[in-house]
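Trainee: A single structure is presented below for examination.
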Amino acid sequence: MSNYIRCRGTNSKKLPSCLTVTFSGPNVRAASVVLDNSVTTRDKARSKFQALKRLGLPAKHSLAFLFSCVGRGRHFYQAEDVESGAFHEVFPDTPLVGFFGGGEYGCDNFTLGRSVQESADQDSADLRHRNELNKLQNLEKWFTCVVIACCHLAE
Numbered sequence: 001m002s003n004y005i006r007c008r009g010t011n012s013k014k015l016p017s018c019l020t021v022t023f024s025g026p027n028v029r030a031a032s033v034v035l036d037n038s039v040t041t042r043d044k045a046r047s048k049f050q051a052l053k054r055l056g057l058p059a060k061h062s063l064a065f066l067f068s069c070v071g072r073g074r075h076f077y078q079a080e081d082v083e084s085g086a087f088h089e090v091f092p093d094t095p096l097v098g099f100f101g102g103g104e105y106g107c108d109n110f111t112l113g114r115s116v117q118e119s120a121d122q123d124s125a126d127l128r129h130r131n132e133l134n135k136l137q138n139l140e141k142w143f144t145c146v147v148i149a150c151c152h153l154a155e
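Residue numbering for the sequence shown follows the UniProt record's numbering, starting at 1 and increasing by one per position.
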């Protein structure tokens, strides 16, 4: 009985379901990567996670969230725990939580909490930042894995 609100034991109105997760605060830094259809091996997943690692998020007070399509996993990779295993190879001390779902939203975002517009404005010569705005137009994904790493910076 998915996509139903349960009220007093009866099914009510059918609604589309969507979960959003937001990270904010003056001392919070977050970044994300999307493992798309081109990421078909542990090595390719590890390479994407290395991009997050290069941002230098401190391991202390950090955690990560993994939202993966139900179509990925053992049948996609012909092995278990490929994405989470690759993540822990790169971030051995960072807790990772997540779940499988049907459809994901996300983009590669290495701005560490600055708005995408602000990042593009600050460094318009950097093609990567200018392209961040274009990525926002296509956040809906399928058959992907979205990983968000965030940390709380000490005051």
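No residue lacks a Cβ here, since even glycine has one placed at the ideal position from N, Cα and C.
Touch check for the region 45-61 and the region 90-104: three-plus C-beta pairs under 8 Å?
Mentor: As far as the Cβ criterion goes, the region 45-61 touches the region 90-104, which means the pair count is three or higher.
Trainee: Where does S38 fall in DSSP's three states?
Mentor: In the sequence shown, counting from the first residue as 1, residue 38 sits at position 38. Coil.
Trainee: Name the DSSP beta bridge partners of A31, please?
Mentor: Taking the sequence shown and counting its residues from 1, the one referred to as residue 31 is at position 31. Per DSSP, A149.
Trainee: Could you give the first and the last residue of the continuous alpha helix (DSSP H) run that contains G106?
Mentor: Position 106 of the sequence shown, counted from the first residue, corresponds to residue 106. It is not in any alpha helix (DSSP H) - G106 carries neither H nor E in the DSSP assignment.
Trainee: Return the chain-ordered list of same chain residues with a C-beta closer than 7 Å to the C-beta of C7, the five sequence neighbours on each side being excluded.
Mentor: Along the sequence shown, read from residue 1 onward, the residue named residue 7 stands at position 7. Here the model assigns C7 a pLDDT of 48, short of 50, so the residue's position is not dependable and the matter cannot be decided.
Trainee: So for residue 177, helix, strand or coil by DSSP?
Mentor: Nothing about residue 177 can be read from this structure; the chain reaches only from 1 to 155.
Trainee: Check F99 in the structure and name its three-state DSSP category.
Mentor: Translated into positions along the sequence shown, residue 99 becomes position 99. If DSSP states are grouped into helix, strand and coil, F99 belongs with the strands.
Trainee: Distance check for T22 and R42, CA to CA, integer angstroms please.
Mentor: Counting from 1 along the sequence shown, the entry for residue 42 is found at position 42. Counting from 1 along the sequence shown, the entry for residue 22 is found at position 22. Near 28 Å, if we compare the C-alpha coordinates of T22 and R42.
Trainee: In whole angstroms, what is the alpha-carbon distance linking S84 and L96?
Mentor: As a working note, residue 84 is residue 84 in the sequence shown. As a working note, residue 96 is residue 96 in the sequence shown. Rounded to whole angstroms, S84 to L96 spans 8 Å at the Cα level.
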